[in-house]
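The opening residue of the sequence shown carries number 6 in this note's numbering; numbering runs sequentially from there.
From the three backbone atoms N, C-alpha and C, an ideal C-beta is built for every residue, glycine too.
Values in this document were obtained by computation on a predicted structure and should not be read as measured data.
Read through the structure below, which is laid out as structure tokens, and then see the notes.
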Amino acid sequence: MPAPALLPRPTALLLIAAIACCFAGNHVAARLAFDDGAGVLTAILCRAGTALLVLGALVAWRRERLALPAGTGGWQLLLGLLLAVQSLCLYSAVARIPVALALLVANTFPVLLALLNWATGGPRPTRRACLVMGIVLAGLLLALDVPARLAEARGGGSGIAWGAGVAFALTAATVFSFSLWITDRRLATLPGTVRSFYAMLTVCASMAMAGAAGAVPSGLAWPQHAPGWTGLALLMLLYCTGFTLLFVSLPRLDMARNAPMMNVEPIATLFIGWAVLDQWLAPIQLAGTGVVLAGIVLLSRSRR
Numbered sequence: 006m007p008a009p010a011l012l013p014r015p016t017a018l019l020l021i022a023a024i025a026c027c028f029a030g031n032h033v034a035a036r037l038a039f040d041d042g043a044g045v046l047t048a049i050l051c052r053a054g055t056a057l058l059v060l061g062a063l064v065a066w067r068r069e070r071l072a073l074p075a076g077t078g079g080w081q082l083l084l085g086l087l088l089a090v091q092s093l094c095l096y097s098a099v100a101r102i103p104v105a106l107a108l109l110v111a112n113t114f115p116v117l118l119a120l121l122n123w124a125t126g127g128p129r130p131t132r133r134a135c136l137v138m139g140i141v142l143a144g145l146l147l148a149l150d151v152p153a154r155l156a157e158a159r160g161g162g163s164g165i166a167w168g169a170g171v172a173f174a175l176t177a178a179t180v181f182s183f184s185l186w187i188t189d190r191r192l193a194t195l196p197g198t199v200r201s202f203y204a205m206l207t208v209c210a211s212m213a214m215a216g217a218a219g220a221v222p223s224g225l226a227w228p229q230h231a232p233g234w235t236g237l238a239l240l241m242l243l244y245c246t247g248f249t250l251l252f253v254s255l256p257r258l259d260m261a262r263n264a265p266m267m268n269v270e271p272i273a274t275l276f277i278g279w280a281v282l283d284q285w286l287a288p289i290q291l292a293g294t295g296v297v298l299a300g301i302v303l304l305s306r307s308r309r
């Protein structure tokens, strides 16, 4: 079959920005649910469950075979488990620190992926790429306002919670970089819908087992009031909408050229978090956020 025609670039960029805003709103909605008593596992199961239903419908609509080629089963299982850990760590970060900062730290995965590719025999990052990575790190230190966080920790304030949140977000970024490496190096021949279907199935199964085993305290708790239930419903709606739009329109978006537009997500999270959760960042943190996002865009546009 011929490849579908690409959308005009302005249309593609607007659609990618809309998808990024859906994902941003999904994380803010998750924080609403967490603040009302919802468990992290509950949110992940709701999100992954809706995505699994959508992917199952797409697989059936496209009549794609679910049989995995020889030698890919183990890698597919590992991919699903890594995405389960990434979801758990990211939502754990969202529950502890401002949502925009959690997303910003987690979105440093391109830096980690570049280093992982180099460590596994890929091309060495150029001097320009190394410089950009250093700039991203410096911007991240500003965005997190590290001196203030250390002072809070010494004073017995919320510094410890911030430390845990940042650690969870960094773990999410690290695990996600490994997930992308596996997808690119070991599962590239699988259709995207089939690969994602099995990944979401693994996420649902592993989170359900973790909940049944009591591995995460109050992990399967439900919201207690209307705002929490609203957040949980919006979480599923926004994630499902963004996920479906991305998969259906992906062949027409020219992501090799337009992928940097996905970095709208932390910016959208910043404004949605301010409007919904009254979470705002200090000027130094806003400056650091701008530096990090600019560095990630530059890195993603590098040929190496």
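| Check | Outcome |
| --- | --- |
| What number of angstroms, rounded off, separates the C-alpha of Q81 from the C-alpha of G126? | 22 Å |
| Quick check: what's the CA-CA separation for L243 versus R190? | 30 Å |
| Can you list, in chain order, the residues of its chain whose CB lies under 6 Å from that of A111, leaving out five sequence neighbours each side? | L95, A174, A177, A178 |
| Roughly how many whole angstroms lie between the Cα atoms of R309 and L250? | Since pLDDT at R309 reaches only 49, below the 50 mark, its modelled position is unreliable, and the value read off the structure follows with that caveat. Those two C-alpha atoms are separated by around 29 Å. |
| Report yes if the CB atom of L88 is closer than 8 Å to the CB atom of V208, and no otherwise. | yes |
| Taking only three categories from DSSP, how would you classify R309? | Because the pLDDT at R309 is just 49, under 50, the model does not fix this residue reliably, and the value given afterwards should be weighed accordingly. DSSP places R309 in coil when its eight states are reduced to three. |
| Determine the direct distance from the alpha carbon of P13 to that of V105, and round the result to whole angstroms. | First, the residue type needs correcting, since residue 105 is Ala and not Val in the sequence shown. Each residue's Cα considered, the two are about 30 Å apart. |
| So the alpha helix (DSSP H) I21 belongs to, where does it begin and stop? | 14–40 |
| Is it buried or exposed for R101, if we count other Cβ within 10 angstroms and need 16 for buried? | buried |
| In chain order, what residues of the same chain have a beta carbon less than 8 Å from the beta carbon of A10, not counting five sequence neighbours either side? | R257 |
| Looking only at its own chain, which residues have a Cβ that is under 8 Å from the Cβ of P130, when we skip the five neighbours before and after it? | A119, L120, W123, M138, R309 |
| So, at 7 Å on beta carbons, what are the nonlocal neighbours of S305 in its own chain, with the 5 sequence-adjacent residues on each side left out? | P115, A264, P265 |
| Go ahead and pull the three-state DSSP assignment for W279. | helix |
| Just the C-alpha distance for L86 and W186, rounded to the nearest angstrom, thanks. | 14 Å |
| Identify whether N263 lies in helix, strand or coil by the three-state DSSP scheme. | helix |
| I believe T274 touches A29 by the beta-carbon criterion, under 8 Å. Please report the beta-carbon distance rounded to the nearest angstrom. | 4 Å |
| Label H230 either buried or exposed according to how many other C-beta atoms from any shown protein chain fall within 10 Å of its C-beta, with 16 as the threshold for buried. | exposed |
| Grab me the residues of L60's own chain with a C-beta within less than 7 Å of its C-beta, minus the 5 sequence neighbours each way, in chain order. | T198, S201, F202, M205 |
| Hey, does L18 have any beta-carbon neighbour from chain B nearer than 8 Å? | Reference to chain B is not applicable here, since this structure consists of a single protein chain. |
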